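**Q**
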Amino acid sequence: MSEPPSNSTNPTAQPIARTKALVRLERVTKRFPGIVANDRIDLTIQAGEFHAVIGENGAGKSTLLNILYGRYRPDEGQLIFEGDDAPCLFAGPADAIRRGIGLVSQHYASIPALTVLENVILGQEPTTAGGLLNVRAARRRIGELASRLGLSGLDLDMRADRLSVAAGQKVEVLKALYRGARLLMLDEPTATLAPSEADALFVLLHELTEAGTTLLFVTHKLREVIAHSDRVTVLRRGRNAGDFLTSRTTEAELLERMVGRSSPSPMASTILTAQAEGKGDLSVDLLSDSLGEEKRSNGSVLRVERVSTRASGGARPLVDVSLEVAGGEVVGVAGVDGSGQRELAEVIVGLRGPDTGAILLDNMSIARKDVRERMGLGVGFIPEDRQRAGLVMDFTIAEDLLLGHERERKCGGGLFLRRRAMQARADTAIKTYDIRGGLLGARQSVQTLSGGNQQKIVVARAIESAPRLLVASQPTRGLDVEASEFVYRSLREVQERGAAILLFSLDLDELLAMSDRVAVLFDGRIVGILPRGQATRDTVGALMTGSVSGSAP
Amino acid sequence: MKRPSLSGILHSRALFLFGCVLGGLGIAGVIMAACGYPVGAAYGALWTGATGIQTGPADGLSQIGFVIAGRQVHIHLFLFAQSLARATPLILTGLAVAVGLRAGLFNIGAQGQMVLGALGAAVAGQAHGLSPAIHVPLVLLTGAAVGACWGAIPALLKSRRGVHEVLSTILLNYVAVNLAAYLILHGLKDPERMAAETREIAASAWLGTAPFALQSNLTGGFLIAVVAAVGFAALLPWTAWGYRLRAVGLGPEAAEAAGIKVDRTRIFAMALSGALAGAAGAIEVMSVHHRYVEGVAATYGFDGIAVALLGGLSGIGVLVSALFFGALESGAAFMESQTNVPADLAVIVEGIVILFAGIRLVRRSRAREHIEEGRQATDVSA
Amino acid sequence: MSLLDVGQMRLILALSTATLAGATPLALAAMGGILSERAGIVNIALEGFMVTGAFVGVFAGRSSGWEGLAAAAAVGALFGLLHGFLTQKMRVDHVVSGLGINLLAAGATRFLALRWFTTEGVTVIGVPPTVFIGLAVVLPFCVHFALYRTRFGLRLRAVGENPETARMAGIRPLPLRYAAVGLCGMLGGIAGAYLSLGESHTFSSNMSAGKGYIALAAVIFGKWKPAGAALAALLFGFCYALQSQLQISGKHLHWIGIEWSSPALLDMLPYLMTLLALVTVVGRATPPAALGKEI
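Chains as they are written, first to last, in this note's numbering: chain A, 2 to 554; chain B, 3 to 384; chain C, 2 to 296.
1. Closest Cβ-Cβ distance between B:P1 and chain C: below 7 Å?
2. How do the region 288-295 of chain C and the region 202-218 of chain B stand: do at least 3 beta-carbon pairs fall below 8 Å, yes or no?
3. DSSP has A:N241 in a bridge; who is on the other side?
4. Taking 7 Å as the threshold (beta carbon to beta carbon), is C:A275 in contact with chain A?
5. Which value, in whole angstroms, describes the spacing of the CA atoms of B:N219 and B:R362?
6. Could you check how far apart the C-beta atoms of A:D231 and A:E83 are, in whole angstroms? I think they sit under 8 Å.
7. Roughly how far, in whole angstroms, is the beta-carbon of C:L70 from the beta-carbon of C:G77, given that I think they are within contact range, below 8 Å?
8. If you measure from the beta carbon of C:L292 to each beta carbon in chain A, is any gap under 7 Å?
9. Nearest-angstrom Cα distance between A:T250 and A:I227?
10. Residues of the region 106-126 of chain B in Cβ contact with chain C at a cutoff of 7 Å, in chain order, please.
11. When the Cα atoms are used, what is the spatial distance from A:L544 to A:I502?
12. Determine the closest residue to C:R173 out of C:M274, C:V144 and C:G161, with distance taken between C-alpha atoms.
13. Taking the CB atoms as reference points, tell me whether B:G54 and B:I77 lie closer together than 7 Å.
14. Count the other CB atoms within 10 Å of the CB of B:Q115; is the residue buried (16 or more) or exposed (fewer)?
15. Check distances from the C-beta atoms of the region 82-105 of chain C to those of chain B and list, in chain order, the residues that come in under 8 Å.
16. Report the option in A:T116, A:I68, A:I112 and A:L152 whose CA atom is closest to the CA atom of A:D96.
17. Please tell me whether C:G193 has its Cβ less than 7 Å away from any Cβ of chain A.
18. Look at A:G377 and A:R469 and say whether their C-beta atoms are less than 7 Å apart.
19. Which value, in whole angstroms, describes the spacing of the CA atoms of A:D386 and B:A259?
20. Taking Cβ positions, are C:R156 and C:L177 nearer each other than 7 Å?
21. What is the residue span of the alpha helix (DSSP H) that B:V117 lies within?
22. Out of B:K263, B:A83 and B:G306, point me to the one whose CA is closest to B:A282's CA.
23. Enumerate in chain order the residues of its own chain whose CB-to-CB distance from A:L292 is below 6 Å, with the five nearest sequence positions on each side excluded.
24. Looking only at C-alpha atoms, which of B:T301, B:I110, B:C37 and B:V322 sits nearest to C:A107?
25. Going by C-alpha to C-alpha distance, which of C:I35, C:A30 and C:L36 sits closest to C:V52?
26. Could you tell me whether the Cβ atoms of C:A233 and C:L36 are closer together than 7 Å?
27. Verify the CB distance criterion: does A:I530 have a CB-CB separation below 7 Å to chain B?
28. Of the choices A:R237, A:L217 and A:S301, whose alpha-carbon is the least far from that of A:A60?
29. With a cut-off of 8 Å, do at least 3 Cβ pairs link the region 150-163 of chain B to the region 232-243 of chain B?
30. How many angstroms separate the CA atom of A:V322 from the CA atom of C:P288?
31. Along chain C, in chain order, which residues have C-beta atoms closer than 9 Å to that of A:P94?
32. Of the residues that make up the region 203-225 of chain B, which ones have a beta carbon closer than 8 Å to any beta carbon in chain C?
33. Please check if any C-beta of chain A sits within less than 7 Å of the C-beta of C:R39.
34. Got a sec? Which residues, its chain only, sit under 8 Å from B:C151 by beta carbon, not counting five neighbours each side?
35. Determine the extent of the beta strand (DSSP E) in which A:Q535 is found, giving its start and end residues.
36. Could you spell out the range, first to last residue, of the alpha helix (DSSP H) harbouring C:R156?
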């Protein structure tokens, strides 16, 4: 490890004198098989502050939250609450809730099949004698809280899966407050929100701190930390890499602590800096600038014309979607989570049939072709859920690389598999794409690989066959800087070969940095397509919430 | 409802499974003792019935004597052959369940597929004037085809209408049994018999009995079953179809996204599953009863589930576990005749073995989450 | 002047009582199935619970039917807890555990019956069937009330939908699941006891004859809701009743070359109807989201 935890050497790390500590973590360590997720973390949360924890994916943020919420028990170290002398031991979330800790997390959001009311009261149900639910009392209490949170119009008897993403987020806050949270922990709460929705959430959060609630805000977005927090703790490789007063630090300093000095990641840093500076319209883009306009003008590779789909099984129907991607061009698709991104990607690769409209690849209609035929014609796909749709987790690296190519003799397929060819191909891919993480090489089970290395296999498979069109859905979700860097580089390579790329991402900064044009989906419709010069956080963000309608070229 | 976690079952853990078998026999022994049966004598008889091995010198044509550690021992070939005969349908139904599970479908319907396969075979067996070289395969294939059609139904219902296969196969079992009963009552019944049975099949469709145990039920059907098991064992790792089958079972969404037709693969797998169960029925008809009789499928279809799970869904594993279950059931029948201990003891052992064999010591979802959480952290330092 | 003659009246009366009688064990077991499945535990083991209940009812009910009933409920609950332990603590797949328990129950009851009952079987006085029928009528309302109006019910549903979220709300999923599957075993045992103590006053080894599976089908047919499952049970009961009445009457219904009054066809009816319902009406009903999954 290059540097020791540095909070002691940092002059800005002194506790703020006027407040007192609400919770103190002392040398908290949590190990999982083969890894130390939290390594001797010291952290003090002051009462009433807006405390941010920042770190890249895999830095140990969620583990920390889970320890504070009683879900994981630390292997070493202790939590000390307020003025307590003895460290407190949480046997489970129930204890944490009792001590006034609330957690807002996408992973444990509302239960879709229950009503909003049932979701909120779950665990602390007001009852009359004999365990009967006292719905009237619940309604009264929730009503009061809801009006405080600007949710007065909320229908409590609605099924929770009908809430919008933004309203759902607020209901999560409501839930925590209903349970009497004094320390509210939020795990990447803005990840799926449009910029304006995120802003509204921050307004609400500031109101809560005014009223005395303590906030622990976990994110990987520098911008949010700089704009909103009082203090910030940086996590890196499971360690506390520094505590800072937000007013006395800079993005550059935080970024350096987050990624480490030696990080060889020009592109990812660019994107992270863009986040920090709050500008998405990158005039200086490291790699795409090397690409001349002429390369992009070699005709449209993908044309989607007035495609509509029916609603089925909770899928968002697409309405009249038209889109064009030229060779050598990256078109990014922005939108609030669930606006139809998944459905659009699936329609294009052939997993979902369009009910009306046309899809043309190199001027040839592919709407009636199945997934395999489209792949044969040059459609590559990086699915958004790598562990479910990207890989067969119980396969070996060699087997997963064969997926979809099991009929091709050159890949080791055919009626009878040719194991040696499979093996050789996998060995090459392991070298070319630097897939790490096993003594067994190509026979290593994919399950034991890190997220980044798993994604390398998915990417390798998608670009190996030199696609004309690459559909990449959330290709960097959950990846650390290094692995993200690999993905960006691979996308650029595909682009330079003259292929078209359709990029879906919830990370607006990534999208703006990578795309030549940005299409915005709202409610299953394309509400605007903006060229690079006009696509900014503000313009795209406004389109994402449907508050304005953009101009399609 | 959900299929069992495949890789949990697939883990190579022969020792653990052996322990499960011992545990099952142990608990059954306790139950026996509690009921006041002579445990030692019963298990002795069970062993003899299962393997044919008895102490004492050989004293007949069907016995082969040898000496172990100075003691005279002999193998009773009839008993041994009966165990193999009993294992024959179990190998096939076990494979049937294994094929389905490998594709991610829990086929509880091998029972019904076997019943209808047997009926189809019994009907095809009525044809006269065919040479055995044609008639035997014809009857076998008829049974397999009928089973395949019946087996494909639940897969179709699942892909078209989202009906869960566990439920539909259970229901189809009852439909199959009653359908067979109806067809026997209204048309196929042998008028000379009291019982609801078809006429006897032509001798050209009989499978010959093993020459070393002519009184037994052991026929060439056993070889057919063994070939099927070996074929299945080769199919999975060495062919593109086996690869697709595994991909669909282990990661249906990933398979679909990579262009593998999940529904089609599953329908085909279930048809193959039904064909294997149907072939089991046909072989029972051609080897043992020579006609369709009520109860021709006994509980082989359900036992196939136990066989498949204990055999780890692999061809060779199924073969071994079917031999074990065949020996157990055959031995139990012998035990009942010798010691009056009810042969149902075998069912108790089977139940306990399934429950033990299903135990998974690692919590999978948690383990994966930890790996994911942990590995991400190492990514940075890697 | 009545609209129906005496014969028709008698037939309708006979049909409706037979329907109720046929539906009773299904409804009882189905209510257990709902509790278990809404808590997230697949319960194919209902069949085993019923066989066990039928056996224990007779075994313990030789002096008093009520004792037999209590014992059947208790042993059923124990089997339920065993299913819970295996699926929750030992992480056995729910379907595998259910099948194993069914095998164990079938084997053990036959084994023990051969040992402890004479070859002709044992006859017992039993418990009046109206007790079971009354219970079966009241129970769906109770289960509905418990599921939707009590804290226990809300938590049970939450655990069946997403145990991890429930845990994050401070609920411990495991005790709830044990409670649910224990109650399920108890009701399965009582349903089995109805077959032996209430109906036939003796035990025979194949007396549940797949009724546990049919009860599970009723649960799914009824979309995991008590009222729906109860109605499905009634429908199946009606099939049984129709079959026995037709057999008693000796009438033949022959149409397009098929003997519709054949007992084999009538036996098939509930299963075919369930299949048909699954294909058409029920369609892609959504089961509890965490059904069969590990916590």
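We treat Cβ as the ideally placed atom computed from N, Cα and C, and that holds for glycine.
Note that this is a predicted model, so its numbers are computed, not measured.
**A** Looking at the atomic coordinates:
1. Nothing about residue 1 of chain B can be read from this structure; chain B reaches only from 3 to 384.
2. no
3. A:L236
4. It is Thr, not Ala, that sits at residue 275 of chain C in the sequence shown. It does not; no Cβ of chain A falls within 7 Å.
5. 38 Å
6. So it is not a contact: roughly 19 Å between Cβ atoms.
7. Not quite, the Cβ-Cβ distance comes to about 10 Å (not below 8 Å), so this is no contact.
8. no
9. 9 Å
10. F108
11. 22 Å
12. C:G161
13. yes
14. buried
15. L87, M91, R92, V93, D94, H95, V96, V97, S98, L100, G101, I102, N103, L104 and L105
16. A:I68
17. no
18. no
19. 11 Å
20. yes
21. A112 to A126
22. B:G306
23. Interpretation of A:L292 is limited by its pLDDT of 42, a score under 50 that renders its predicted location unreliable; the figure taken from the coordinates is listed afterwards. If we look at A:L292 and ignore the five residues flanking it on each side, it has no Cβ neighbours.
24. B:T301
25. C:A30
26. no
27. no
28. A:R237
29. no
30. 33 Å
31. R168, M169, A170, G171 and I172
32. none
33. no
34. A273 and G276
35. Careful: A:Q535 lies outside any beta strand (DSSP E) and carries neither H nor E.
36. R152 to E162
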